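Going by numbering that gives the first Met the number 0, the sequence shown opens with residue 0, and the numbers climb by one from there.
Note that CB positions come from ideal geometry on N, CA and C, so glycine has one too.
Remember, it's a predicted structure, so these values are computed and weren't measured experimentally.
Before any comments, here is the structure.
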Amino acid sequence: MTTPTSFTRPEVEQRINELLGQMTLEEKIGQMNQELPHAPPQLDALRAGSVGLLITEVTALAGAGVDAAPEVRAEICNDLQRVAVTESRLGIPILFGRDVIHGYRTVFPIPLGMAATWSPQRMEQASAVAAAEASAAGVKWTFAPMLDIARDPRWGRIAESPGEDPFLGSALARAAVRGFQGDDFSRPDKLAACAKHYAGYGAAEGGRDYNFVDVSMRTLRDVYLPPFRAAVEAGAATLMSGFHDYSGVPVAANRTLLTDILRAEWGFQGFVVSDWNAIHELVVHGVAADDAEAAAKAVIAGVDMDMIAGVYPGQLAQQVRNGHMPLSVIDEAARRILRVKCLAGLFDQPYTDPDRAARVILAPEHRALARQIAQESCVLLKNADGLLPLKADSPFKRIAVFGPLAHGRSELLGTWTLDGRGEDVTSIADAIRQEAPKHFEIVTPSTLPDEALYHMLMGVDLVVLVMGEHPRRSSEAASVSSLELPAGQRQMIESVCDAGVPVVLGVLAGHPLAIKREVDLAQVVLYAWHPGTEGGYAIADLLFGKAAPSGRLPVTMPRATGQVPIYYNHRNTGRPAANRGDSSRYIDLPIAPLFPFGFGLGYTTFAYSDLRVIKRGASVEINAQVTNTGASAGIETVQLYVRDVVASVTRPVKELKGFQRLSLQPGETQRARFALSAQDLMFTGLDDRPVFEPGAFHVWVGSHSADCVRAAGAQGEFEL
Ligand code: NOJ
């Protein structure tokens with residue numbers, strides 16, 4: 000276990016004081032200015048010290064795959080760095096930032112898929128690989144982890160998020176920061192992390208990206224803030240403020256969020272960067288008349304660095320000179336940025352060893368980890384009659400693999416993969432063909448007109464249909480109004496079923512899609528998200544039983560778009576949801592989701608028994624027996640849910656408070672143990688402050704959030 004970087008080091012503060020003492024106002028503001036590397040590069044600006052940081056991307060939507068992002072290399076960064084270090088007056092190094100979101104050249108599953116592993120350990124390992132590769136290319140700062148809890152799956156950026164739950168999101172946040180930064184992000188293979196998009200961005204009204212957010216302060220604190228707090232406590236060096244308007248005050252001008260909560264309450268000592276052009280957008284939001292007012296509002300609120308708007312360098316010096324802006328505000332922002340640069344080791348080692356990239360990038364062990372994590376991220380939603388895994392004695396000998404994404408390569412990488420390459424990927428069809436045991440004959444037609452399809456189906460025993468979304472359909476600026484599969488895909492599965500051939504449906508997606516009809520039709524449904532560089536092989540491994548699925552949903556899957564927002568930890572209402580009568584329901588749609596949060600099948604089964612609740616002083620231990628009741632080994636993600644029965648404010652019907660992955664052999668029993676203290680049961684009370692209220696709690700230990708309604712789940716009750 001790593002310990003976070005300490006921000007308060009006397010030698011660092013002394014170095015910063017010395018620097019600040021020598022810097023001109025323009026140089027200080029230069030540190031607060033993040034620019035794009037222009038072609039030709041802005042060497043004069045680097046010499047003048049008017050650029051403190053470079054973002055190594057050139058367009059706002061590069062991460063959404065809309066525009067190509069130029070490659071970054073150690074040599075390019077070193078050349079620019081040399082100018083800053085040797086030709087500027089004070090030699091302050093540049094910090095190179097890039098979106099390294101779920102891998103660098105070795106791409107891991109999209110963050111929502113990473114969350115489906117329910118494994119902080121895997122998140123930490125994947126982030127460490129991303130850091131090792133990106134840092135070898137000269138990057139020293141990643142704009143990750145993205146920590147926006149998302150309860151409305153229409154939002155395209157749900158693909159980048161940890162899902163709907165603050166407890167799972169917090170565990171993953173800590174792990175990602177540890178993976179990127181380690182215990183010392185000055186190490187050459189580490190990056191400074193940036194927790195984004197602080198805060199509440201995932202609650203965009205209507206699921207429309209960039210839309211305003213109007214959740215209560217209580218919901219913000221209990222649902223959306225915890226992963227950010229976890230990242231800060233884990234030592235995240237930086238935070239990015241969101242584009243959005245929270246409750247009438249855009250975050251780039253929101254002092255309550257950026258200073259009162261982040262700094263005064265949580266003690267954050269890193270720096271805050273705005274999102275892309277967001278300071279200028281304060282004018283568009285309508286809270287600033289012009290860039291001058293926008294700059295003043297942002298810096299006073301607590302945005303230390305301007306990402307590419309150019310508003311700080313253009314406006315702030317004048318405001319300080321005419322007495323409208325205290326110099327201390329600029330000093331403080333520059334100090335925070337210099338502190339991160341010092342902690343990143345840039346003053347001592349500003350250059351990157353250009354030989355490291357060849358050894359590190361796409362290393363075999365990185366690919367192996369990506370394959371394992373992709374296996375663990377896939378969620379098996381249905382497996383009628385135990386059709387999977389396909390063993391050597393399977394009655395299904397001749398298998399056809401096709402569908403709109405069966406031959407996709409770059410499509411497997413998902414959103415925000417600036418450095419992943421389609422050429423590194425083996426398609427699902429090719430991987431299945433390569434990995435199939437001899438017993439099977441695999442056919443992989445590419446395009447099929449209807450008649451040829453029908454003809455081909457006559458000769459096959461099983462179809463593996465690979466469908467879902469292109470990555471551009473679930474990313475930034477890509478929200479959807481319908482969660483159904485893209486046009487034509489349902490008809491394709493219907494045609495195959497009409498021909499009487501059983502279907503294994505593989506779904507690649509960034510949204511949790513409403514696929515009720517498809518789930519009814521297919522014998523098997525494997526939800527694979529966008530699984531990354533090794534996704535093709537991972538899916539082949541699961542198909543043929545070289546690995547067993549263990550992924551669990553990090554989001555609720557709706558049965559229809561009309562159900563959203565839908566999430567398991569909702570409040571009760573005075574007329575709790577039920578399908579009948581005067582209850583909180585729809586009259587034309589059942590209230591239950593298609594699959595609940597936490598759900599996922601494996602190739603074996605588990606039973607829960609003997610729940611015990613033992614009070615130990617001010618805390619309580621909860622444990623239950625879990626038995627592998629099937630014939631093969633498997634991993635069970637044991638989940639602990641709690642309900643606070645009566646409180647001063649209404650509380651969720653259920654909240655995740657613990658989880659554990661147990662690896663069990665057939666017939667083996669283990670006891671899953673959890674401990675809860677008053678601290679774990681706190682919430683935001685009547686006065687918007689955290690409280691613990693003693694009283695009765697219900698507790699469930701089971702295999703998913705709706706398990707308590709099944710006999711299999713163990714349930715109990717305790718008082719604290
Ligand atoms: C805008 C996105 O919202 C943010 O996530 C990203 O890090 C920046 N652009 C930089 O590319």
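Beta-bridge annotation (DSSP): Val465 is paired with Gly505.
Counting only residues of its own chain and dropping the five nearest sequence neighbours on each side, Arg432 has a CB closer than 8 Å to the CB of Val400, Ile441, Thr443. The residues Met122, Ser126, Pro144, in chain order, have a CB closer than 6 Å to that of Ala175 in the same chain once the five nearest residues on each side in sequence are set aside. Rounded to whole angstroms, the Cβ separation of Phe658 and Thr636 is 6 Å, and the two are in contact under 8 Å. In this structure, the ligand NOJ has no non-hydrogen atom nearer than 7 Å to the beta-carbon of Lys614.
The Cβ atoms of Gly137 and Val71 lie closer than 8 Å to each other. With respect to the C-alpha of Ala300, the residue from Ala630, Val339, Thr258, Gly266 having the closest C-alpha is Thr258. For Asp429, the secondary structure class from DSSP, reduced to helix, strand or coil, is helix. Looking at the DSSP output, Ile634 sits in a beta bridge with Ser662.
Gly309 and Pro225 have their C-alpha atoms roughly 32 Å apart.
A straight line joining the alpha-carbon of Phe691 with that of Val619 spans about 15 Å. Residues Arg338, Cys341, Leu342 of the same chain have their beta carbon placed closer than 8 Å to that of Val11, with the five preceding and five following residues left out of the count. Inter-residue distance for Arg472 and Ser662 is about 35 Å (C-alpha atoms, whole angstroms).
In the displayed model, Asn77 falls within a helix according to three-state DSSP. DSSP places Ala646 in the coil class of the three-state scheme, outside both helix and strand. 8 Å or more divides the Cβ of Tyr453 from the Cβ of Ala486.
Here Tyr585 is exposed. Its C-beta has fewer than 16 other C-beta atoms within 10 Å.
Taking the CA atoms as reference points, Asp679 sits about 19 Å from Met216. For Lys27, the enclosing alpha helix (DSSP H) begins and ends at 24-30.
With a cut-off of 7 Å, the C-beta of Trp140 is classified as distant from the ligand NOJ, since no heavy atom of the ligand falls inside that distance.
Counting the other CB atoms within 10 Å of its CB gives Pro349 a total of 16 or more, which places it among the buried residues.
The continuous beta strand (DSSP E) containing Met239 extends over residues 237-240. In this structure, the CA atom of Leu53 is about 20 Å from the CA atom of Leu24.
Residues of the same chain with a CB within less than 6 Å of the CB of Arg650, apart from the 5 flanking positions on each side, are Asp643 in chain order. Between Val502 and Ile492 a beta carbon distance of about 6 Å is seen, short of the 8 Å cut, so the two are scored as contacting.
From the listed residues Asn568, Ser5, Glu364, Tyr602, the smallest Cα separation to Ser549 is found for Tyr602. Here Glu74 is exposed, its C-beta having fewer than 16 other C-beta atoms within 10 Å.
Beyond the five residues adjoining it in sequence on each side, Ala170 comes within less than 6 Å, by CB distance, of Pro119 in the same chain, given in chain order.
A distance below 8 Å between beta-carbons, with the five flanking residues on each side excluded, links Pro689 to the following residues of its chain, in chain order: Arg220, Met681, Phe682, Thr683. Note on His703: 16 or more other CB atoms within 10 angstroms of its CB, so buried under the neighbour-count rule. For the ligand NOJ, no non-hydrogen atom lies closer than 7 Å to the CB of His279. Taking 7 Å as the cut-off, one finds no heavy atom of the ligand NOJ near enough to the beta carbon of Glu70. By the Cβ rule, the region 99-113 counts as touching the region 526-540, because three or more pairs are nearer than 8 Å. At the C-beta level, Gln488 and Met455 stay beyond 8 Å of one another. Of all alpha-carbon atoms in Thr414, Gly344, Ile336, the one lying nearest the alpha-carbon of Val50 is that of Ile336. With a cut-off of 7 Å, the C-beta of Asp147 is classified as distant from the ligand NOJ, since no heavy atom of the ligand falls inside that distance.
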